[in-house]
Amino acid sequence: FWFGLRRAMGQEVDRLVQSGPYRITRNPQIVGGSLLVIGTTLLWPSWYALGWIALYGVVAHLMVITEEENLHRVFGEEYAQYCERVPRYLGQVRKQ
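The numbering used here puts the last residue of the sequence shown at 746; the count rises by one with no breaks.
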């Protein structure tokens, strides 16, 4: 509810959100989804579950790369500075 459905679908892009969970990671939905997939795999371990982890990782990362290209185009230098401060997923910020 904090983020809003319109904003989540990219329909309301008037400013670069850098508060809330976006202070810790540039992709909180992907991090949360990853935790859900990993947690499900830990509850019901199987080779299929490991396959889902790999598939989710690849698809999610491709989505993030595409979204970052758009955000660079829309917000320019402001987004570049944000990328220098906040990691793509979790952990240290690495030059990309």
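Glycine included, each C-beta is placed from N, C-alpha and C at the ideal position.
Open item on the list: Can you look up T716 in the DSSP assignment and give me helix, strand or coil?
Closed with: Helix.
Task: Minimum C-alpha distance to P678 - residue among N720, V714 and V724 - done: V714
Task: Per-residue burial, I680 [other beta carbons within 10 Å of its own, 16 or more giving buried] - done: buried
- [ ] Just tell me which of L692, Y698, I703 and P671 has its CA closest to the CA of S684.
- [x] I703
- [ ] Measure the alpha-carbon distance for T675 versus G701 and round it to whole angstroms.
- [x] 25 Å
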